Amino acid sequence: MLEVQNVSYTYANRYQTNEVLHEVSCTFEQGQMYAIIGPSGSGKTTLLSLLAGLDLPTKGEILVDGKLMTSMDRDTYRRDTASVIYQSFNLFPLLTAMENVMFPLQLRGKPMAEAKTEAMKCIESVNLKESVLNQRPQRMSGGEQQRVAIARALAAGGGILLADEPTGNLDAANGEAVVAILKKLAHEKDYIVVVITHNTSIAEQADVVYRIVDGRLSTGAAE
Amino acid sequence: MVVKNSLRQMLRTPVKTVSFLLLITLTALFLSVGANLLLFTRKSLETYEKSFKTIGTVQQQPKMLKEYAMWDQSQQTYSYGTQSVYDRLIPLSVLDFADANYIHPPEKRPFYGAYDENYNIGNFYQSNDTQWIILELSPTEDCIPSNPVPMKVKRVLYGKIGEYTKDVLFCDPDVEKPQPMFADKTYILSVNVVALSSFYGYEDQNAFDTVLVPAAGVESTQYDQTGAQVPDLYGAEADGWEEVTEGYFDTPRGQRWEELIKSIKRLPKTIPVIPTNATQLLMAFYSGSANITEGRDISPEEYAKGVKVCLVERQFAQYNRIAPGDTLPLPLYFADYLHTPMVTGNLYYGGLLNAQGKAYPVFEDSAYTVVGIYDIYGSSYESTDFDLVGNTVIIPAASVKNSDEQNIIAWGPMRAATTSFEIPNGTIDQFEEAWNRQGIDGLKFTFYDKGYSRLKQGMDRIHTISLILLLIGAVVMVLVLTLFTFLFIIKNQKRTAIERSLGYRKRQCAASLLSGMLLILVIGSAIGACGGAWFCNTVIDRNMSASEGGSFDLAYSSWANDTDKLAEMRLDLNSAGMGVLITFCLSMATGTLIAGVGVRRNLKAEPMLLLSGKGDSE
Amino acid sequence: MLKFQVFLSCIHIKRQLPKNILVFVVCAAMVFFLCSYASSIQSNQEQLNSLPEILPVSGFISNLNGSRNLGLLISGSMVDSLEASGFLKDMLYTTRMAATYAAKETEKPKIVYLMGYNTLTPYPSIRPDNLKDSEVFFKGQNAQCIASRRFLAQYHLSIGDPVKLDLYWYQFGEVPGQMTYEHLAQRTLIIADSFDSSVVTTDLIQLPDILFPIGWAKKTFAECDSPFYYDSVSFRIKDPMKMNDAKALMKAQGLLSVNPQASDSISGSTVVINDETFIRSATSIQNNLTLLWMFLPALTTAILLASAVMAHLMMHSRRGEFAVMRSLGMPKQACLRVYLMESMLVAFPGGIVGMVAALLFTALPFSASMAVLAVFYLFYLLGAFIAVRMLSRVSVAAMLFAVD
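Residue numbers (this note's numbering), protein chains in the order written: chain A, 10 to 232; chain B, 5 to 622; chain C, 10 to 413.
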């Protein structure tokens with residue numbers, strides 16, 4: 010379970026100080042798909058990056074299974090627990106699809122053969138064609154790239170998958186396919202799946218919808 | 005607008021832009037400093053090379069050495085010497101062969117005698133008229149002059165003998181059994197005066213007692229240019245003296261004595277003149293025992309064209325109050341192709357008269373302009389043929405327009421002191437190989453290179469490394485520019501794709517990319533080129549020695565007043581505005597060329613592929 | 010983990026081969042350049058160091074207008090100071106004396122001319138008939154002499170005979186042929202050998218009848234409390250690179266430069282040094298070295314800065330990948346290590362190739378080329394470290410969530 014307790018986040022630059030999140034509190038439980046919606050600049054991505062351990066809140070706490078995130082090694086957290094997929098896919102341009110998926114496994118010290126076997130399982134679970142496996146991202150379509158990203162996230166196998174506008178660069182069909190995979194992950198594999206989206210149809214498929222407006226969170230259906 | 009957008013985008017990637025600008029500046033600086041360095045070190049190496057000259061001398065080897073006996077009157081025995089025998093005299097023309105590669109081809113130098121009544125040669129030559137006398141003698145009794153015999157002085161035709169001296173001693177010390185002389189006859193002789201104590205049995209004598217001995221007489225030793233002796237019309241006299249009979253002086257033989265006296269009288273006012281094609285071919289100058297200390301050397305052009313200029317020896321210049329710029333008449337009247345003037349001042353080794361029995365006439369009479377005065381440092385116990393003697397004038401060989409073939413008093417084989425040439429440094433081995441291919445025996449070459457051959461390997465290494473530096477420097481510059489143009493431009497492929505998808509023509513896309521790059525190139529190249537030139541000039545001004553000897557003190561140096569040599573040492577190291585311009589243009593040209601290639605590559609990529617993320621060249 | 014980092018670095022290198030080959034070649038060229046530069050300095054220095062041996066510098070004492078280097082009056086104490094200074098070597102001296110000798114007491118003494126030497130090496134035509142090592146003879150101070158054959162014959166003497174001489178010190182006058190004599194002492198010399206001299210003489214120098222070691226003459230003059238003069242002195246500069254010090258000493262001793270306008274004299278007050286070839290050569294090489302050293306900071310700084318900038322830029326372009334690796338849980342140090350390794354795996358072999366090329370084509374010693382390589386790596390790594398430091402400050406979230 011992921012708990013967000015009165016989290017605020019302020020970023021400051023030379024010109025101004027901006028409170029992006031204000032006393033946000035929410036929980037994310039295993040086996041559910043959550044959607045976070047809100048207008049642009051509302052703080053959705055910031056919340057996601059905090060949940061991913063990429064940053065720490067200015068105020069408040071985030072607990073992972075009851076443990077304070079501040080007390081854990083966030084690199085380990087991202088390696089073993091939480092994975093993120095992005096609107097722009099963020100695959101390694103120099104690595105093939107297979108190598109991208111094997112990356113988290115090799116990072117954990119698994120030998121190449123074992124990593125390859127496990128990576129294949131993840132690749133199969135996202136219905137990725139074999140012909141794509143040895144291609145680099147420049148040669149893949151958007152849908153294929155996102156599937157590789159999801160497979161990579163699965164290879165991390167942590168139980169938490171965070172998705173930032175995963176269908177933003179995809180056509181409707183691919184978008185639907187990706188959401189289906191995410192739902193399956195949540196309901197069948199007991200993942201916590203958190204999706205940031207503008208797409209109401211995706212939000213409607215989520216089990217819980219959080220809404221962020223001007224850095225403040227509320228629960229509620231998509232508008 | 006294209007350019008403005010380009011600049012705006014560049015400014016929004018400050019790290020990359022500044023890095024690229026820094027890199028271009030460094031590259032241009034590197035090019036400027038590196039090129040200047042290589043230019044300067046090449047100049048310096050050229051100056052180094054000029055410190056050395058390679059001179060070769062030629063000596064014909066005798067076919068054999070023949071022993072000859074000389075009567076030593078003081079020991080009353082024969083002593084033996086060896087004499088070189090040549091089957092033929094090898095002509096100078098054999099040295100003109102393919103692959104010889106001369107800087108100055110071989111010259112077989114004569115020395116000329118120049119006579120002018122107004123010459124003042126100081127005390128250099130002892131006054132002849134007490135040492136060389138022409139007189140009529142008559143023995144007091146019949147005698148054979150193998151030992152000093154008393155003679156009565158009948159008449160002095162030339163020279164000074166003691167005012168009241170009527171009785172003298174005469175001896176022919178060079179012949180064991182000279183011809184007898186009779187008391188009732190009068191003989192005419194050309195004699196020298198020597199000390200009596202040098203004769204056998206007279207060793208205890210007073211050092212001031214003297215004996216007359218035969219000297220050069222009226223016989224001729226004229227040669228032609230083939231080296232053959234011109235037959236003396238009247239034949240050689242026997243034993244060095246002749247009987248004076250009635251009407252003797254009306255005979256052609258008798259008239260020769262007047263000519264002889266005329267010739268002898270010229271000697272104290274005769275100076276040696278050496279014609280050459282380069283001052284350095286004279287070993288005295290080459291070895292540094294003679295140095296130009298006032299004025300300048302004769303230039304290569306003056307030597308080549310035979311301009312009537314000359315170098316004059318210090319003592320002669322002082323006695324005759326000559327300074328550079330003055331004119332000196334040089335009436336040349338004899339040529340000696342065998343000997344060199346001796347330190348003792350003896351200029352004459354052969355007969356004083358030509359084959360017609362006349363004093364040699366002047367064959368070349370010109371006025372020469374003095375361009376330089378030289379000094380000969382030191383006299384030596386072991387003076388050699390290579391030494392120059394006082395009063396010697398040096399002239400361009402080509403300035404003697406008239407032939408000397410009727411005035412040759414001595415001829416012989418090529419000798420090291422009179423035959424020399426110059427070849428490029430470091431080519432001694434090649435020359436010897438080329439010479440050996442000619443298959444001609446009998447000539448010995450001796451080379452002098454002041455240590456160049458021992459230093460050559462080091463010099464070659466320095467040359468090679470300076471070339472490597474130039475090459476690698478250029479390669480580094482091109483590679484660095486290539487790498488960063490590659491990064492700078494290729495990384496902007498997507499931008500090009502966006503611009504094309506928005507309707508920019510290819511030309512406009514190129515302008516968009518290049519304008520920013522070119523601006524960086526211009527600024528960086530200008531800063532680098534100017535900075536490099538400023539650096540070079542500043543550092544050189546501060547660090548390079550302005551003094552003529554570099555860091556060495558020229559005090560006591562034998563060549564310290566030779567302005568030509570000092571000028572050769574000076575390095576002109578200023579980096580001219582032209583250098584800055586060249587560096588700037590080279591940097592711009594290279595950068596633009598490489599950028600142009602990169603831009604072409606960008607424009608070839610399909611925009612839609614790039615925009616869809618599939619066309620990235622990385 | 011380290012194995013994986015190496016694996017990643019290698020894949021990155023392989024997948025960007027053209028760029029990495031270019032970097033490799035640039036590094037090789039830069040190191041080759043730096044080594045060649047160092048080799049150029051070394052070659053010039055070696056050439057400069059070899060000059061004193063190959064181009065010896067000699068000199069002699071002359072009279073004021075430089076016309077004579079024999080028959081002079083050269084102060085013995087002054088020359089001894091010069092010799093003691095250590096700046097000069099291979100000194101050659103002569104000194105002259107005259108004597109009167111009578112074979113029998115009843116005979117009228119005749120003038121005999123003597124010459125003292127410290128070596129006969131420069132006078133190949135003066136050769137003792139029997140002595141095997143004349144060098145030892147002339148370096149000594151023994152009261153021995155070598156007499157001319159003519160002298161021996163004239164006075165019916167043989168080797169081993171004593172010769173009792175009334176010694177005079179004499180000097181030439183201003184006018185050629187004029188001489189003045191000063192009585193010194195009576196001494197006996199033993200005839201050690203004979204010689205047959207055929208030296209070409211000038212009208213200034215009398216053929217000596219007797220040769221003696223100069224050390225004996227100095228000793229004799231000292232015993233007579235009479236100042237000693239040399240007749241001629243020549244020398245070589247021991248270390249031509251320190252020529253200025255030698256010349257400074259000569260100046261301090263009061264020795265003058267030749268004045269061609271001066272009249273003839275016999276005072277040995279002037280020095281002439283034949284140093285043209287050495288000075289011209291050494292000055293050229295020194296100029297070369299000065300230029301190379303002067304330009305060294307600018308050129309090497311340019312190259313090394315360029316290599317640092319190159320290293321930096323190579324990493325700067327990989328920020329996106331860095332962010333992704335961080336998001337996947339790779340520790341920061343591990344990420345940075347991947348890039349550093351990638352950088353080093355290209356630059357280091359490049360540098361080594363450049364060094365090897367320099368060893369093959371230039372004469373730079375191995376130790377010097379290693380030093381150059383080390384400096385190059387230092388600067389390259391400096392650039393890489395700076396880039397790495399800047400990378401570590403990258404906002405991972407900002408990189409990851411930026412929309413293209």
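The beta carbon of each residue, even a glycine, is placed where N, CA and C say it ideally should be. Bear in mind the structure is a predicted one, so any value in this text is a computation, not a measurement.
Exercise. Assign A:L179 to buried or exposed, taking buried as 16 or more other Cβ atoms, counted over all protein chains shown, within 10 Å of its Cβ.
Key: buried
Round the Cβ separation of B:A599 and B:L518 to the nearest angstrom and send it over; I've been treating them as touching at under 8 Å. 6 Å
Original post:
Expressed to the nearest angstrom, what Euclidean distance is found between the alpha-carbon atoms of A:V222 and A:R148?
Top reply: 38 Å
Check: Checking contacts by CB at 8 Å: is B:R458 closer than that to chain C?
Finding: yes
Q) What is the rounded straight-line gap between the Cα of B:P333 and the Cα of B:G416? A) 29 Å
Using a cut-off of 8 Å between C-beta atoms, extract the partners of C:L337 located in chain A. R87, R88, S92, F112, P113, L116, R161 and A165
| message | Using a Cβ-Cβ distance cut-off of 8 Å, determine whether A:T54 contacts chain C. | response | yes
Check: According to DSSP, what are the bridge partners of A:V136?
Finding: The identity of residue 136 of chain A in the sequence shown is Asn, whereas the question assumes Val. In DSSP, A:N136 forms no bridge with anything.
Handout entry: Beta-carbon gap between C:L81 and C:I312 smaller than 8 Å
Key = Taking 8 Å as the Cβ cut-off, C:L81 and C:I312 do not qualify as a contacting pair.
| request: Have a look at B:V526 and B:T596 and give me their C-alpha separation to the nearest angstrom. | output: Rounded to the nearest whole angstrom, the C-alpha separation of B:V526 and B:T596 is 10 Å.
(Q) Does C:S71 come out as helix, strand or coil in the three-state DSSP assignment? (A) strand
Inside the region 224–277 of chain B only - alpha helix (DSSP H) runs reaching at least 4 residues | 256–270
(request) Confirm the yes/no value for this check: CB of B:H467, any heavy atom of the ligand NAD, distance under 7 Å. (result) You won't find the ligand NAD in this model; it holds no ligand whatsoever.
Buried or exposed, going by whether 16 or more other CB atoms sit within 10 Å of the CB of C:V145? With fewer than 16 other Cβ atoms within 10 Å, it is exposed.
Counting C-beta neighbours from all protein chains within 10 Å, is the total for C:Q342 16 or more, i.e. buried, or is it exposed? exposed
inquiry  = Run through chain C and tell me which residues come within less than 8 Å of B:K454, C-beta to C-beta.
reply    = L64 and T286
Buried or exposed: C:G359, going by 16 or more other Cβ atoms within 10 Å of its Cβ?
-> buried
State the Cα-Cα distance for the pair B:I502 and C:M324, rounded to the nearest angstrom. 25 Å
Measuring straight from C-alpha to C-alpha, what distance separates B:A533 and B:F588? 6 Å
Quiz prompt | C-alpha distance - B:G292 paired with C:P374, whole-angstrom precision | solution = 38 Å
query = Going straight from the alpha carbon of C:F204 to that of B:Q77, what length do you get?
reply = Taking the straight line from one Cα to the other gives about 20 Å.
Proximal chain B residues relative to C:I294, where beta-carbon distance stays under 7 Å = Y52
| C:V355 - partner residues in DSSP beta bridges | In DSSP, C:V355 forms no bridge with anything.
query: Nearest chain A C-beta to C:P306 closer than 8 Å, yes or no?
result: no
Under 7 Å Cβ-Cβ, which residues of chain C neighbour A:S58? A406 and F410
(message) So if I threshold CB-CB distances at 9 Å, which residues from the region 28–56 of chain C count as touching chain A?
(response) Taken residue by residue, none of the region 28–56 of chain C has a beta-carbon sitting less than 9 Å from a beta-carbon on chain A.
Length of the line joining the Cα atoms of A:Q41 and A:V202 | 6 Å
Backbone secondary structure at B:E368 - three-state DSSP | strand
**Item:** Own chain partners of A:A230 with C-beta closer than 7 Å, once the 5 adjacent residues on each side are dropped
**Value:** Low per-residue confidence applies at A:A230: pLDDT is 47, beneath 50, and the placement is therefore not dependable enough to give any value.
**Message:** Quick test of the definition: if touching needs 3 or more C-beta pairs under 8 Å, does the region 91–104 of chain C touch the region 283–297 of chain C?
**Reply:** The region 91–104 of chain C makes no contact with the region 283–297 of chain C; the number of CB pairs closer than 8 Å stays below 3.
- prompt: Which residues mark the beginning and the end of the alpha helix (DSSP H) in which C:I294 is found?
  reply: That run of the alpha helix (DSSP H) goes E285 to H325.
* Asked: According to a CB-to-CB cut-off of less than 9 Å, which residues of the region 152–171 of chain C neighbour chain B?
  -> R159, A162 and Q163
Any idea which residues DSSP pairs B:N565 with across the strands?
None; B:N565 has no bridge partner.
Would you tell me roughly how many angstroms separate the C-alpha atoms of B:K266 and B:A363, rounded to the nearest one? 7 Å
> Among the residues of its own chain, which have a CB less than 6 Å from the CB of A:A160, if the five just before and after it don't count?
Replying inline: Hits under 6 Å: V110, C131, I132 and V135.
Query - Best match in B:S150, B:A199, B:K158 and B:V366 for proximity to B:D178 [C-alpha to C-alpha] - result: B:S150
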